[in-house]
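Residue numbers (this note's numbering): 170 to 489.
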């Protein structure tokens, strides 16, 4: 009986300790190197970086805490730096991207670095779920690029950020201690936007004339995919013809070196919408661009008569 009670006691104790340990292991406590995440839009593409932020804490960082070159492990292997602390530093791209001019597919990557006094190697690994760089495998590399480090003002905690942001490019950089490591990113923004339009126009937005107009206007404004723009604006017209989309068809044709077709469209627009002063100006512009100045003057005079008062000084300057 005593033996059975003893066994029962030890079993209860074992499970109590095990359960307590599991609870303890799951407790959320402050980290020495706090986690951080940054997301940057570049056009309609996003770049996200998840990382931990170690501090200098009075230590010598470059060449000592973080060695130049690969770091030798007790088992004889050599690994790059984890580019942060704790788990993998993870960088994610919503679309295909060029990194320092080299192609990298959309997705998430483990970010590793090999620091050097004069140049750094930036590694994008297909494995982004490991702890640090300890199990890094060169065979999992998706891309390597080489960049130049820069001297910068002292910064206590490691950080990632973005600069020189446009609709198609940006530079992401690591900063820590007195070093800044910039890496250039480039997206094919126009094609990404156009593909996004194609996807969206297959849904409920495809029932609105305005969305087809907006997509066509983007192409015309950026002088890209003008044949596609013509298809889109004709779709807009088929849903709900109005002076705006009919006029846009003319401008797209003109931008695509189909000026005579554009003039015909502008003339049609005048017949359909004779009270709209803007359609007369569109025709006048096209005629002037083809050297038909006398005809252009006739229509500019009509524009002057029909235009709102705020527009008259501008039209008068054109006529003069």
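C-beta atoms are modelled at their ideal positions from N, C-alpha and C, and glycine is treated no differently.
- As the crow flies, the alpha-carbon of residue 444 is around 13 Å from that of residue 436.
- Annotation: the continuous alpha helix (DSSP H) that includes residue 413 extends over 412 to 424.
- The Cβ atoms of residue 402 and residue 418 lie closer than 9 Å to each other.
- Contact check for residue 475 against residue 442 fails: the beta carbons are separated by 9 Å or more.
- Closest in C-alpha terms to residue 457, from the list 228, 319, 289 and 428, comes 428.
- In this structure, DSSP gives residue 390 a helical state, which the three-state scheme calls helix.
- Residue 218 has its alpha-carbon roughly 40 Å from the corresponding atom of residue 424.
- In this structure, the beta-carbon distance from residue 294 to residue 276 does not fall below 9 Å.
- The region 330 to 339 and the region 199 to 212 touch, with three or more beta-carbon pairs separated by less than 8 Å.
- When beta bridges are read from the DSSP output, residue 381 appears opposite no residue.
- With a threshold of 16 other beta carbon atoms within 10 Å, residue 431 meets it and is buried.
- Look at the beta carbons and you see the region 309 to 322 touching the region 283 to 299: at least three pairs across the two are nearer than 8 Å.
- Nearest neighbour of residue 339 by Cα position, chosen from 383, 268, 250 and 249, turns out to be 268.
- The residues 394, in chain order, have a CB closer than 6 Å to that of residue 363 in the same chain once the five nearest residues on each side in sequence are set aside.
- In the DSSP assignment, residue 348 is bridged to 320 and 345.
- Annotation: residue 300 is outside any beta strand (DSSP E) and is labelled neither H nor E by DSSP.
- The beta strand (DSSP E) runs lying completely inside the region 265 to 300 and spanning 3 residues or more are 266 to 268, 271 to 273, 276 to 283 and 289 to 294, given in chain order.
- One thing to note: residue 342 has its Cβ no nearer than 9 Å to the Cβ of residue 225.
- With a cut-off of 8 Å on Cβ pairs, the region 374 to 390 is not in contact with the region 229 to 240, counting fewer than three such pairs.
- The Cβ atoms of residue 301 and residue 254 sit closer than 9 Å to each other.
- Annotation: the continuous alpha helix (DSSP H) that includes residue 361 extends over 358 to 369.
- Distances from the CA of residue 451 to each of 439, 390 and 263 were compared; the closest alpha carbon is that of 439.
- Beta-bridge annotation (DSSP): residue 256 is not paired with any residue.
- The three-state reading of DSSP puts residue 396 in helix, counting H, G and I together.
- By DSSP's assignment, residue 240 forms a beta bridge with 248.
- At the C-beta level, residue 413 and residue 382 come within 9 Å of one another.
- Following the DSSP letters along the chain, one finds residue 471 inside the alpha helix (DSSP H) bounded by residues 462 to 475.
- Sorting 229, 270 and 281 by C-alpha distance to the C-alpha of residue 248 places 281 at the top.
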